Amino acid sequence: MIREPLVFAALTDIAGKLRGKGFPAAQLDTRQRSGIGWTPTNVQITCFDAIAPSPYGALGDLVLVPEPGSRATVDFQDGRPPEDMMLGDVRSLEGEPWECCTRSILRGALDRLERVAGLRVRGAFEQEFQLTGAAVPPGWAYSHAGFAAQAPFLGAVMAGLGQAGLTPDSIMKEYGDNQYEVTIAPEEGVRVADAATYVRMIVQQAALGLGERATFTPILDPKGVGNGVHIHLSFLDAEGRPATWDPDGPSGMSRQTGAFVAGILRHLGSIVAITAPSAISYLRLTPHRWSAAFNNLGFRDREASVRICPVAGDTPEAVARRYNFEFRAADATASPHLALAAILHAGAQGIEDGLPAPSATEEDLAELSPEDLARRGYERLPASLEEALDRFEADEVVRAWFPGRFSEVYLAHKRFEAAMMADKSIADRCAAYAGVY
Ligand code: GLU
Ligand code: MG
């Protein structure tokens, strides 16, 4: 069959979807300057396709401008054309960043952190997913059998990551039914979120190429574990030196790290509306699922919303470089760009407000009475998307981090999605999300 080589110019949107348009690769030079046409109301296309109320209606024109440095080309060599993709920013026809452009919103958060703290961000998304077709024999958790059963797929994913210019770290059979997890080495700045986007795309396309389907849905079966997105972060100072670790700081956190994490915990109840934004995300954010349920910092605790990831037995220089913390209250229904932006803004707010470092919990907070929890300054995360959206709306500090009408548009989108799910049983909701993520 004849075939024009195509480049797919893409973005991640409020629905956490990868959307865009293809153009002939021969047009690359012009497209990098003038972009491709984009429609404001596209931002209200929900994950289920129905369009949420939009303040833009049928009006307006925008451009999606692909960024040359973001290009990723992956050839699975399975008879399908290679993936050739670029991520871009949405701008007005005059070249200004658009108020709902997720990548520009992330840039704004990165700039703020650099301005208030002189910090640059390194990070990597650790992502879990499940294969939906394969049989699930018992006894596969963490096993070689579960790994070997999907060896061609896992190998294709890792090769694809390398071709896309990322550094594969590890891949494993996770605990849940047909659940796998893939990690990559950290990237810097906007590329942290771009990389997370490519990981999802590569996993899904590698699976499809082998007649399988991979889902990143937050929870496939409420009786089982969820699919988490753990966002690992560390900082570099203006000279490019590691700035996250201080051997004398609480849990090894530098002063700035401590204030940053305190900012996250203070605003967590509001920002989960962005980092865990589906109607089933809150089934996962419950105690004893190794996800996140309270606004706490954990040292060696995989149920904390923010966890220090200890680095063992190395030189101080190596520890300083590798020491990081992870944000666990995120899932793949969130745009990586928006989720990271919300976390960075919360952290920058904590630094601006000079918050003291939180101390790490080392006990099961689910055992505490609501009074004890409150006395110690902890709260349960919202129990539903509606509750999270109400918290977001009520938090003027958080809403002010986002440009123009973004918050209004976001709330309209997500409330529409929540209403679409409201009458469904939990099982039907889980099935609906598994079909689209
Ligand atoms: N599946 C867990 C989650 O939903 C994470 C398990 C782990 O890797 O610690 O976040
Ligand atoms: Mg895991």
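End of the sequence shown = 443 in the numbering used here, gap-free, step of one.
We put the beta carbon where it would ideally sit given N, CA and C, even for glycine.
It should be emphasised that the depicted structure is a prediction, and the values quoted were computed from it without experimental measurement.
Residue environment, residue i, which counts as buried when at least 16 other CB atoms sit within 10 Å
{"i": "Arg-86", "result": "exposed"}
{"i": "Glu-309", "result": "buried"}
{"i": "Ser-257", "result": "buried"}
{"i": "Leu-65", "result": "exposed"}
{"i": "Lys-430", "result": "exposed"}
{"i": "Leu-63", "result": "Leu is not the amino acid found at residue 63; the sequence shown has Gly there. Gly-63 is exposed by the Cβ-count criterion."}
{"i": "Val-198", "result": "buried"}
{"i": "Pro-388", "result": "buried"}
{"i": "Gly-304", "result": "buried"}
{"i": "Arg-109", "result": "buried"}
{"i": "Pro-192", "result": "buried"}
C-alpha gap between residue i and residue j, whole angstroms
{"i": "Glu-187", "j": "Glu-180", "result": "6 Å"}
{"i": "Leu-24", "j": "Val-205", "result": "12 Å"}
{"i": "Ala-338", "j": "Gly-234", "result": "7 Å"}
{"i": "Gly-114", "j": "Asp-95", "result": "12 Å"}
{"i": "Ser-284", "j": "Glu-414", "result": "17 Å"}
{"i": "Arg-118", "j": "Leu-350", "result": "9 Å"}
{"i": "Gly-230", "j": "Val-13", "result": "39 Å"}
{"i": "Pro-72", "j": "Glu-100", "result": "16 Å"}
{"i": "Thr-367", "j": "Asp-378", "result": "14 Å"}
{"i": "Gly-22", "j": "Ala-433", "result": "22 Å"}
{"i": "Glu-218", "j": "Asp-252", "result": "45 Å"}
{"i": "Glu-358", "j": "Gly-383", "result": "20 Å"}
{"i": "Leu-371", "j": "Glu-89", "result": "45 Å"}
{"i": "Ser-76", "j": "Glu-373", "result": "46 Å"}
{"i": "Leu-239", "j": "Asp-67", "result": "36 Å"}
{"i": "Ile-314", "j": "Glu-332", "result": "6 Å"}
{"i": "Ala-249", "j": "Ala-141", "result": "46 Å"}
{"i": "Ser-276", "j": "Arg-405", "result": "9 Å"}
Distance cut-off 7 Å: residue i Cβ against heavy atoms of ligand 1
{"i": "Glu-134", "result": "yes"}
{"i": "Val-231", "result": "yes"}
{"i": "Trp-251", "result": "no"}
{"i": "Ser-5", "result": "This structure gives no information on residue 5, because the portion of the chain shown stretches from 7 to 443."}
{"i": "Gly-234", "result": "yes"}
{"i": "Arg-77", "result": "no"}
{"i": "Arg-308", "result": "yes"}
{"i": "Arg-2", "result": "Absent from the structure is residue 2, since the part of the chain shown begins at 7 and ends at 443."}
{"i": "Arg-290", "result": "yes"}
Continuous beta strand (DSSP E) stretch holding residue i: start and end
{"i": "Ala-335", "result": "330–336"}
Per DSSP, cross-strand counterpart(s) of residue i
{"i": "Val-267", "result": "Partner(s): none; Val-267 has no beta bridge."}
{"i": "Lys-179", "result": "Tyr-186"}
{"i": "Glu-89", "result": "Val-80"}
First through last residue of the alpha helix (DSSP H) which encompasses residue i
{"i": "Arg-39", "result": "34–40"}
{"i": "Leu-167", "result": "157–169"}
{"i": "Leu-344", "result": "342–358"}
{"i": "Arg-421", "result": "412–428"}
{"i": "Ile-111", "result": "108–123"}
{"i": "Gly-441", "result": "432–442"}
{"i": "Arg-206", "result": "196–215"}
{"i": "Arg-381", "result": "376–381"}
Check: residue i C-beta below 7 Å from any heavy atom of ligand 2
{"i": "Glu-393", "result": "no"}
{"i": "Glu-180", "result": "yes"}
{"i": "Glu-187", "result": "yes"}
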